[in-house]
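Student: Got a structure for you, questions after.
Protein chains in written order, with this note's numbering: chain Y, 331 to 768; chain B, 331 to 768.
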């Protein structure tokens, strides 16, 4: 029996579609997002195939008795004001939504009679959950770092800092787009020879990267850090991320300051922020360090983080090419992955990020970096799957992909499942490539 | 005789301090900034030792007849709305301010009688000019790249991409601070040996970086580029930037994804945005490529950019240590520099940035990277000046500095001067280091 009623798989919703086995959004999930209808953007919670309009719920008095600061925050056009209130406020709101959407509560009986509360998911357009002040991308899968390192430095695949530092870098916030947004193939400088000369044109090595993203709640003032024990209190929840990458541009530009235009043309984010509260039943121990691996430094070390720092999320990447669409063939899975085996936990990434006094603001987004596993079918990008294009993926219709082609649609899916808990899904992180602008 | 009256050095202001020889803010400058008085932030223009309150000017009818879109924009608490209107709107506003502040115009006669318009600079607190959506830092001084490269790769100081690619990377927007803000010495991982093991503690190699920053005007939609011929139409103006750097943290963390926590603890920005209009008399040819240097690729090549892509800004870095303050000794100059000899122009940096379709938004900040010259006295950071600490700077009082000490104050100054033009100054970009939080 779960301690928290919001995790209890036996509690049903009066929204019938939320009780269907395969839904990403059962009563136990209740992720936050921003939807738009008729040009009016509002904050909502996904439930089955419906969206709960939080502004309408507030106006209908359904949030009476909660922290009064929530009332203006749910009236905003992004989640930032809610995220600024911190995790406890979001948890209280989710708890109230749970009672409102439950089949057998007084709040549920009242909400069921209020016709203003729910909209069909199919009637709304989703937006990015938050206005992202800063987007940081980590590199937290050691398998990804090893696979990529082996291509560029076969004698020395993993750099000496990797097992000590949760490596990350600043990404581009302006080009974050919500799932469903078309992604234009970028132009850029590429060079066949390592010493140049380069040419300028459309990338020929367009790749996806399977990632999980964390949205920041609350704010630490500039000059103050966040102890590892408090780090998760600063993470509101998770989304799926596709950090599109132009590998040929990247190879030519990235020394000495890191990836830049090879990444900044687009990063796709799934629209529903799945809270750490909803993910509570799926927490697992952090990856155990091997005997040959150093212990994390004390500022990255915490007993609770070791015991529960992992999140067991199953991930998949699917592709659908123009030829598949023309033949009415379904999408095909390129890879699977698991978020449970990341080398660094979310808490370690956040604590490291703030360890120099960097202020993390509500709505900031932290990407995990490509999630890869040890098996070939667990490599989270084409660079790894095809060994830099040398071993193309062969699709069921005979098409080959070393890298992505124009018109290809890439979808990331993610979910959590285990016995005794309701399945929690992330929805979809999807993008279709459109040809370069020439 | 200048074609544009706003450049005419013979026109005087009725604000007496604007006519003094040494002022940074004569009638020919008129930079934009955001000031705060009694908690109320407003947009202003610097004139001598005064600030023109643009909201008050609007309310007093002084902007009547200008683009009506300016009226709400000058009522904001940042420059972003003004920057969104684009360079022509800013230029029109500056032109009107010029007539309002001129001694012999009808607009000047009227403004002089309006007691609501001017505040003493000493009565206001300056803020960052804009809410910066994304901060990008370039690496546009080849002398800096050579000096730093020689320390890390003596056999191969300049990487093969440098003369083709305006190298840049994403910086941290949240930790941008306005001149005068205290900067806390960051903690971080450092390692004496290249292979580790690291320790965690206060940086022992805290450095400044002398840079010039450009604020973006207007917006290109995601997926569209900005031709080099149009690139300067997207730059509103320039500021001074100190991109504080922790060299020991940087050396350990920066492979393979670039600098991260070694930079993200603070970046100081001067408060007054000096418009490209004001800098018009100081435009110089772009750096000429040598016979052994490749021509820029066509997307970075433009006749006007070659003829006028440079800006002849004189720069200086000054230090004042706690011992100097205790002895009431003045600050001491560490280095001089010139922005005229940068390898890449501002237009090339912006065109490159958008060449992959990356959307640049109003208020985005582009840093030039450290401005260094060929002489020892022109090296724009201590890493270069002291050769990684091996040759400490000796100050007049006998103190030595390999890197910065707690309590050290670093000030960057910048100005443009030439015969037949009024001196245009940038004000100050200043920060005092405070001890690490332990």
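Heads up, the beta-carbon is just placed ideally off N, CA and C, and yes, glycines get one too.
Would residue 572 of chain Y pass as an interface residue toward chain B - the criterion being a Cβ-Cβ separation below 8 Å?
Tutor: Any Cβ of chain B closer than 8 Å to the Cβ of residue 572 of chain Y would place that residue at the interface, and such an atom is absent.
Student: In angstroms, rounded to a whole number, what distance separates the CA positions of residue 751 of chain Y and residue 589 of chain B?
Tutor: 42 Å
Student: Please list, in chain order, the chain Y residues whose beta carbon lies closer than 7 Å to that of residue 337 of chain B.
Tutor: None at all; the shortest Cβ gap to chain Y is about 34 Å.
Student: Looking at the structure shown, is residue 502 of chain Y part of a helix, part of a strand, or coil, going by DSSP?
Tutor: Residue state, collapsed to three classes: coil.
Student: Checking 8 Å against the spacing of the C-beta atoms, do residue 587 of chain B and residue 538 of chain Y come in under that value?
Tutor: no
Student: For residue 350 of chain Y, does the three-state DSSP call read helix, strand or coil?
Tutor: coil
Student: At a Cβ threshold of 8 Å, is residue 500 of chain Y touching chain B?
Tutor: yes
Student: Output the residue ranges of the alpha helix (DSSP H) runs that lie fully inside the segment 361–404 of chain B and measure 4 residues or longer, sorted by chain position.
Tutor: 384–389, 400–403
Student: Under a Cβ-count criterion, where at least 16 other Cβ atoms within 10 Å of its own Cβ denotes burial, should residue 356 of chain Y be classed as buried or exposed?
Tutor: buried
Student: In terms of DSSP beta bridges, what is residue 465 of chain B paired with?
Tutor: As DSSP reads the structure, residue 465 of chain B sits in a beta bridge with B/695.
Student: Does residue 583 of chain B have its Cβ less than 8 Å from a Cβ in chain Y?
Tutor: yes
Student: Does the beta-carbon of residue 686 of chain Y have 16 or more other beta-carbons within 10 angstroms, so that it is buried, or is it exposed?
Tutor: buried
Student: Report yes or no: do three or more beta-carbon pairs, one from the segment 355–370 of chain B and one from the segment 603–613 of chain B, lie closer than 8 Å?
Tutor: yes
Student: What does the Cβ neighbour count give for residue 471 of chain B, buried or exposed, with the cut at 16 atoms within 10 Å?
Tutor: buried
Student: If you draw a straight line from the C-alpha of residue 394 of chain B to the C-alpha of residue 368 of chain B, how long is it?
Tutor: 28 Å
Student: Does any C-beta atom of chain B lie closer than 8 Å to the C-beta of residue 309 of chain Y?
Tutor: The shown model of chain Y, from 331 to 768, leaves out residue 309 of chain Y, and the question about it has no answer.
Student: Give a yes or no on whether the C-beta atoms belonging to residue 279 of chain B and residue 441 of chain B are separated by under 8 Å.
Tutor: With chain B covering 331 to 768 only, the question about residue 279 of chain B has no answer from this structure.
Student: Please tell me whether residue 573 of chain B and residue 467 of chain B are closer than 8 Å, where the distance is taken between their beta carbons.
Tutor: Closer than 8 Å, so yes.
Student: Please state whether DSSP places residue 331 of chain B in a helix, a strand or coil.
Tutor: Only weak support exists for where residue 331 of chain B lies, its pLDDT of 44 falling under 50; the value from the coordinates is given anyway. Reduced to three states, the DSSP call for residue 331 of chain B is coil.
Student: Give the straight-line distance between the Cα atoms of residue 476 of chain Y and residue 340 of chain Y, rounded to the nearest whole angstrom.
Tutor: 43 Å
Student: Judging by CA-CA distance, which residue of B/598, B/541, B/540, B/584 is the nearest neighbour of residue 511 of chain B?
Tutor: Checked all of B/598, B/541, B/540, B/584; the closest Cα to residue 511 of chain B is B/598.
Student: Considering Cα atoms alone, identify which of Y/381, Y/425, Y/592 is closest to residue 334 of chain Y.
Tutor: Y/425
Student: Is the segment 625–642 of chain Y in contact with the segment 609–617 of chain Y, if contact means three or more CB pairs nearer than 8 Å?
Tutor: yes
Student: How many angstroms separate the CA atom of residue 454 of chain B from the CA atom of residue 560 of chain B?
Tutor: 36 Å
Student: In chain Y, what lies closer than 8 Å to residue 497 of chain B by C-beta?
Tutor: What residue 497 of chain B touches in chain Y, judged by beta-carbon distance under 8 Å, is 583, 586, 587, 590, going in chain order.
Student: Tell me whether residue 456 of chain B sits in a helix, a strand or coil according to DSSP, three-state version.
Tutor: strand
Student: I'd like the span of the beta strand (DSSP E) that includes residue 520 of chain B, first residue to last.
Tutor: 517–520
Student: Can you have a look at residue 483 of chain B and say buried or exposed, based on whether 16 or more other CB atoms are within 10 angstroms of its CB?
Tutor: exposed
Student: If you compare alpha carbons, which of B/375, B/371, B/364, B/366 is closest to residue 345 of chain B?
Tutor: The shortest Cα separation from residue 345 of chain B among B/375, B/371, B/364, B/366 belongs to B/375.
Student: Can you tell which of B/377, B/491, B/664 has the C-alpha that lies nearest to the C-alpha of residue 523 of chain Y?
Tutor: B/491
Student: Leaving aside the five residues before and after residue 722 of chain B along the sequence, list all residues of the same chain whose C-beta is less than 7 Å from its C-beta, in chain order.
Tutor: 716, 730, 731, 732
Student: Under 8 Å, Cβ to Cβ, is there at least one residue of chain Y near residue 685 of chain B?
Tutor: Closer than 8 Å: yes.
Student: Which residues, in chain order, does the segment 452–464 of chain B contribute to contact with chain Y at a C-beta distance below 7 Å?
Tutor: 463, 464
Student: Would you say residue 490 of chain Y reaches chain B, if we count a Cβ-Cβ gap shorter than 8 Å as a contact?
Tutor: yes
Student: For residue 505 of chain Y, which residues in chain B fall below 7 Å Cβ to Cβ?
Tutor: Within chain B, the residues near residue 505 of chain Y are 552, 688, 689.
Student: Identify the continuous beta strand (DSSP E) that holds residue 756 of chain Y and give its terminal residues.
Tutor: Its beta strand (DSSP E) spans residues 754–764.
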